[in-house]
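Numbering (this note's numbering), first residue to last: 768 to 1209.
All residues carry an ideal CB built from backbone N, CA and C; glycine is no exception.
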């Protein structure tokens, strides 16, 4: 149990610790080896997987670091921003050293394009003029930056258009692309739908100009919107501070479903115990949401809650992700822990191959899941394991592939969690290939 967990457990008149599940053994937890990746000197806000071998971490020390996950070493440090990096985007590269380039937006009002192979800044864009809160890549390789205003950029980083939100007080923090290339953006309690329109420029050139235009304004929510995710081509979802989850149509932008709508959503100390801190979708049908200190799973097709938001941590869950070949759900919390949830089963002797995320998570086919839901007999996810190494809140954990998980937190650490048995085999293979065979030893 971490220091923060002991702190939460020792306080609280509600005795939340009596309801938080504990684990007796961790035989199903494969993350038995960890590597501390140290460089940052302030809170690490995000980790971003670049490819199967590398990830990027960004922190409040204004820097970003590229790590080699297999070797556990620092590849490059991206410096140049003068304020914390707030958002990351991967775009097609214009240089030959790498097929992709990294784009970072910062509260220093700048956008930078990086060659992550060399760790070099290829371009600095200063026309945004306000804090950059989010970035979104369009299908034509143009991208949009959001904040106080919205800016449309060409693939080469040339400013194409600016949408000035003069009447709005809050910045745009979240954006997604939905059906027919519409852009859904949220600002505090507001939801806006934009699109890119092509207009003829009359004059000497008669060029076609691309512009950002407001398509629709969706009625505002009761409290601030905390997360925005696509579910399928026809649906997207928003989660709010008051614990409400709305599923909206990508065609009509009307609310299709509403989940978890507590009437009394404010706590005794003006906090929000049911706030939706994060959401992920799966199989164009399921939605997993962090609801306060618990998580819930919703089936949009069956219009059911298949896993109610029980207390899962000693404090709020900040991030959700599927790990271990999508067989486990990892929840990162303010209490300093990462918990792994799934089904206790003998997967090694199971010959059936599942392709869907929820099929792997429940270790059942979609048909079996549907039958269990009809009879209300689908098993609840069990606590499989716990990863304790951070000394403060864990901001997020991401799947690094090949049984690797990467986490970051307020303790300025990036931690690479690995399957010790698998790593032992890999090290033996490298040793045999590069040392024994290279030296002629048989």
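Pick helix, strand or coil for residue i, following the three-state DSSP scheme.
i	result
residue 1153	strand
residue 1166	strand
residue 957	strand
residue 1135	helix
residue 1056	strand
residue 820	coil
residue 861	coil
residue 1194	helix
residue 947	helix
residue 1180	coil
residue 996	strand
residue 1046	strand
residue 773	In this prediction, residue 773 has a pLDDT of 43, which is less than 50 and means its spatial position is unreliable; what the coordinates show is noted afterwards. Residue state, collapsed to three classes: helix.
residue 1207	The predicted position of residue 1207 is uncertain, since its pLDDT is 49 and thus under 50; no value can be drawn from it.
residue 1199	helix
residue 781	Residue placement at residue 781 is poorly supported in this model, since its pLDDT is 48, which falls under 50; the coordinates are not used for a value here.
residue 1063	strand
residue 838	coil
residue 1126	helix
residue 1033	coil
Taking 8 angstroms as the cut-off, decide whether the C-beta atoms of residue i and residue j are in contact.
i	j	result
residue 1085	residue 963	no
residue 820	residue 809	no
residue 1090	residue 1017	no
residue 858	residue 910	yes
residue 1012	residue 1027	yes
residue 848	residue 832	no
residue 882	residue 865	yes
residue 1010	residue 1032	yes
residue 824	residue 1181	yes
residue 919	residue 1184	no
residue 905	residue 953	no
residue 1048	residue 997	yes
residue 1082	residue 1102	yes
residue 862	residue 889	yes
residue 1163	residue 813	yes
residue 874	residue 853	yes
residue 1004	residue 956	no
residue 914	residue 939	yes
Figure out for me which residue from the options has the closest Cα to the Cα of residue i.
i	options	result
residue 868	860, 1200 and 1182	860
residue 1087	1046, 850 and 915	1046
residue 900	878, 883 and 929	878
residue 993	975, 1100, 942 and 980	942
residue 1000	929, 891, 950 and 1009	950
residue 903	1184, 855, 1059 and 873	855
residue 844	1145, 927, 822 and 802	822
residue 1128	1151, 892, 957 and 1142	1151
residue 988	1189, 978 and 1015	1015
residue 983	1003, 928, 960 and 995	960
residue 894	1137, 884 and 872	872
residue 1008	1019, 1192, 1002 and 1038	1038
residue 880	937, 924, 956 and 1164	924
residue 1020	813, 981 and 985	985
residue 815	1191, 1174 and 1189	1174
residue 1166	1195, 1146, 1200 and 1094	1094
residue 818	937, 1168 and 1042	1168
residue 948	934, 907, 853 and 1109	907
Spatial neighbours of residue i within its chain, please: CB distance less than 7 angstroms, with the 5 preceding and 5 following residues excluded, ordered by chain position.
i	result
residue 1140	1066, 1069, 1071 and 1073
residue 1062	1055, 1056, 1076, 1079, 1084, 1087 and 1098
residue 797	1091, 1170 and 1186
residue 896	876
residue 979	917, 919, 928, 930, 961 and 963
residue 805	1180
residue 1222	Because the chain here runs from 768 to 1209, residue 1222 falls outside it and cannot be looked at.
residue 828	807, 808 and 809
Enumerate in chain order the residues of its own chain whose CB-to-CB distance from residue i is below 6 angstroms, with the five nearest sequence positions on each side excluded.
i	result
residue 1111	1149
residue 1177	810, 1159 and 1160
residue 777	Because residue 777 carries a pLDDT of 41, less than 50, the predicted location of this residue cannot be relied on, and the following value inherits that uncertainty. Correct list: empty, nothing qualifies.
residue 1064	1055, 1073 and 1074
residue 780	Low confidence applies here, because residue 780 scores a pLDDT of 36, under 50, leaving its location unreliable and the question unanswered by this model.
residue 719	A query on residue 719 cannot be resolved here, the shown segment of the chain reaching from 768 to 1209 and no further.
On the DSSP bridge list, what partners appear for residue i?
i	result
residue 1025	1013
residue 976	966
residue 890	880
residue 1086	1099
residue 930	917
residue 1109	1149
residue 1104	1155
So, for residue i: in the same chain, excluding its five sequence neighbours on each side, which residues have a beta-carbon less than 8 angstroms away from its beta-carbon?
i	result
residue 1034	1040
residue 1153	790, 793, 796, 1104, 1105, 1106 and 1107
residue 981	930, 959, 960 and 961
residue 921	909 and 927
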